[in-house]
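Participant: As they're listed, the protein sequences go chains A and U. full-length UniProt numbering applies: residue 1 is where the first sequence begins, and numbers increase by one. full-length UniProt numbering applies: residue 1 is where the second sequence begins, and numbers increase by one.
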Amino acid sequence: MAQPLSNETVESKPSLSEELRKPLPKILQTERRGRILTFVSSWVLIVILFSLLIFITSKGIAPFIKGEVSFSNFFSTTWNPSANAYGSLSFILGSLIVSVCAALVSAPLGIGAAIFMTEIAPNWGRKILQPTTEILVGIPSVVYGFVGLTVIVPFIREQFGGLGFGLLAGVIVLSIMILPTIVSISVDTFQSIPRHIREGSYALGATRWQTISRLLIRTSLPGLMTGVVLGMARAFGEALAVQMVIGNSTNLPFDLFTPISTLTSIITLNMGNTVQGSTYNSVLWSMALILLIMTLLFIVLIRWMTKRRDQLQ
Amino acid sequence: MNAKLVDRIATVVFYLITFLIVGILIGLIGFILYRGVQVIDWEFITEAPGSLLTGGGGVGPQLFNSFYLLVLTMLITIPLGLGGGIYMAEYAKPGRITQMIRTSIEVLSSLPSIVVGLFGLLVFVQYTGWGFSLIAGALALTVFNLPLMVRIVEQALTAVPREQKEAALALGITHWQTILRVLLPAALPGIVTGTILAAGRVFGEAAALMFTAGMTSPMIDFTDWNPASPTSPLNPFRPASTLAVHIWKVNAESIVADAKEVASGASALLVIAVLIFNLFARWLGRFIHARLTSSSKA
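1) Closest Cβ-Cβ distance between residue 174 of chain U and chain A: below 8 Å?
2) From the DSSP output, in three-state form, read off residue 40 of chain U for me.
3) Determine contact between the region 259-270 of chain A and the region 278-287 of chain A, defined as no fewer than three beta-carbon pairs at a distance below 8 Å.
4) At what residue ranges does the region 152-198 of chain U contain a whole run of the beta strand (DSSP E), taking only runs of 3 or more?
5) So which residues of chain A does residue 18 of chain U contact, with C-beta pairs closer than 7 Å?
6) Report the rounded CA-to-CA distance for residue 74 of chain U versus residue 130 of chain A, giving the unit in angstroms.
7) Look at residue 182 of chain A and residue 231 of chain A and say whether their C-beta atoms are less than 8 Å apart.
8) So, does the region 247-254 of chain U touch the region 236-246 of chain A, judging by three or more C-beta pairs under 8 Å?
9) In chain A, what lies closer than 9 Å to residue 32 of chain U by C-beta?
10) Candidates U/111, U/289, U/5, U/147: which alpha carbon is nearest residue 233 of chain A's?
11) At a CB-CB cut-off below 7 Å, which residues of chain A make contact with residue 276 of chain U?
12) Could you tell me the boundaries of the alpha helix (DSSP H) in which residue 112 of chain A lies?
13) Quick check on DSSP: helix, strand or coil for residue 113 of chain U?
14) Say whether chain U places a C-beta atom closer than 8 Å to the C-beta of residue 8 of chain A.
15) Quick one, are the C-beta atoms of residue 193 of chain U and residue 284 of chain U less than 8 Å apart?
16) Three-state secondary structure (DSSP) at residue 260 of chain A?
17) Below 8 Å on the Cβ atoms is my guess for residue 86 of chain U versus residue 179 of chain U; work out the distance and round it to an integer in Å.
18) I need the boundaries of the beta strand (DSSP E) containing residue 67 of chain A, first residue and last residue.
19) Residue 84 of chain A lies in the alpha helix (DSSP H); which residues open and close that run?
20) Whole angstroms is fine: what's the gap from residue 273 of chain A's alpha carbon to residue 220 of chain A's?
21) At a CB distance below 7 Å, what residues from the region 279-295 of chain U approach chain A? Give them in sequence order.
22) Only counting the same chain, and skipping five residues up and downstream in sequence, which positions put a Cβ closer than 6 Å to that of residue 89 of chain U?
23) Taking a Cβ distance cut-off of 9 Å, strictly less, list which residues of the region 25-44 of chain A are near chain U, in chain order.
24) Quick check on the DSSP output: the beta strand (DSSP E) that includes residue 247 of chain A runs from which residue to which?
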């Protein structure tokens, strides 16, 4: 403290207290620079999102604007690019049905596992299931696809006949992939329920199952649904794992055992093989746009559900 | 039926569900490792894939590409993610712009990776004229990884006890200095753990890379380390298929004679890598935490 004091007196600048009250310009400058730097990096996110929305949208609506494809052509079920029939409805339906079915299979399992972790065996149940779900999240989707291709498809072929590829194989693979999402959201929901609600129920003489089924599941229903919808959204956008087991035929998705296609599978398979600028290629971009719109709809739905949940609590 | 019996049955059902899920995981990992270990040897890890007809060879270049792409992606993502996370945790005031950034994070992190890949194809491959290249792949992966990274940094920063920040500010140092010298070091374990977990996700990503980094791997010469040379492994403008893309490709084309073996081995490598990332993230986070807290005591 003594040294700066002597320096100041020698240079006989404005009084020391004044000098100390005024921050150094250099410090102010780094302060401002830091602020700007971080602000710019967060703006990158907005720029990316908007350019993505603009690019994909303009590419996706181009074939309709240019008149290469009509809406009634696009939303029909006949897919035959060599005859100018670009009906994508069966792929849209395929995507929807496979993800809804996967969510329906996965929901009871995931919610059940969450109940096990929070209500039945909070100690060791959590110790086992927590790492299990974390590893399931970490496994790359191509690996799921490969296992589906080498285990599930042959299994279905032997048990039920047919090719093995199809809706059922897709649903099985996807339901395992979205399980972690449903489990972790459900666990969060159950944990947010105050302890005294459970205690009140037990004090009234209810059994554990009665408490779970009549109280916990009902109170946490909006939260559980959010988890299921999130899982469904993830299944809807999954590309490679689905493509590897779904069969890639243009059949309508109303049978568990016939090979079908989804939006993602048809895009993955054909985007690389079609000529840039051809109608076929442009229609694939329109499907990508549908995929984007569906994702946005899922987000809106989830937002609405969380808002409702917050209002209820 | 009496209530106690129903309760028993329900409990049994919950146990069954848990065992089913754990069983699925063990079966999955066991199957992948068992199939893979039969294929993986030194040659498989280092050699280039053999010709289409004969098969054979390994996945050396793909393995290298996966790691190199991860490094490139992290070089872009970590600074941007730190910046964005710091802004959101420390500077952002409630308002329209903050709300917009939050929405962007939410939307970007829930986009299907194939859509991100198509955006990459449009912008980083076609618009820039780079063609299928590592740098296009790294930028596409950034789109996919950045929102996650911002969230990780923000959460780690907001988890730092308020008192630490207040103490620093009370000592008279500026906000930016507080962030750099007090908050970031305290948040480091969380940031490191999160970053490595995100890296694991990037490592196994394929759908965003098929149309950006490409599905082919031209000959690369591992003795040529000049990044400007077209056959150099370090050249960021060469097309490169990663392990995950390679697995998809050999299965989808199914012309390669030993597709199943290659896919088994590569899948096992991927899963082993992801497991290592997971364990390493946890260990490193704990290690840094221990080091920081013990050194601050001294």
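Positions of the beta carbon are idealized from the N, C-alpha and C atoms, including for glycine.
Facilitator: Taking the geometry as given:
1) yes
2) coil
3) yes
4) none
5) 113, 116, 125, 129
6) 27 Å
7) yes
8) yes
9) 139, 143, 146, 147
10) U/111
11) Those do not exist, as residue 276 of chain U stays about 11 Å from chain A at its closest Cβ, beyond 7 Å.
12) 89-115
13) helix
14) Per-residue confidence for residue 8 of chain A stands at a pLDDT of 46, beneath the threshold of 50, marking its modelled position as unreliable; the derived number appears in the next sentence. It does not; no Cβ of chain U falls within 8 Å.
15) yes
16) strand
17) 6 Å
18) Premise fails: residue 67 of chain A is in no beta strand (DSSP E) and is neither H nor E.
19) Premise fails: residue 84 of chain A is in no alpha helix (DSSP H) and is neither H nor E.
20) 47 Å
21) none
22) 154, 157, 158
23) 27, 28, 30, 31, 32, 33, 34, 35, 37, 38, 39, 40, 41, 42, 43, 44
24) 247-251
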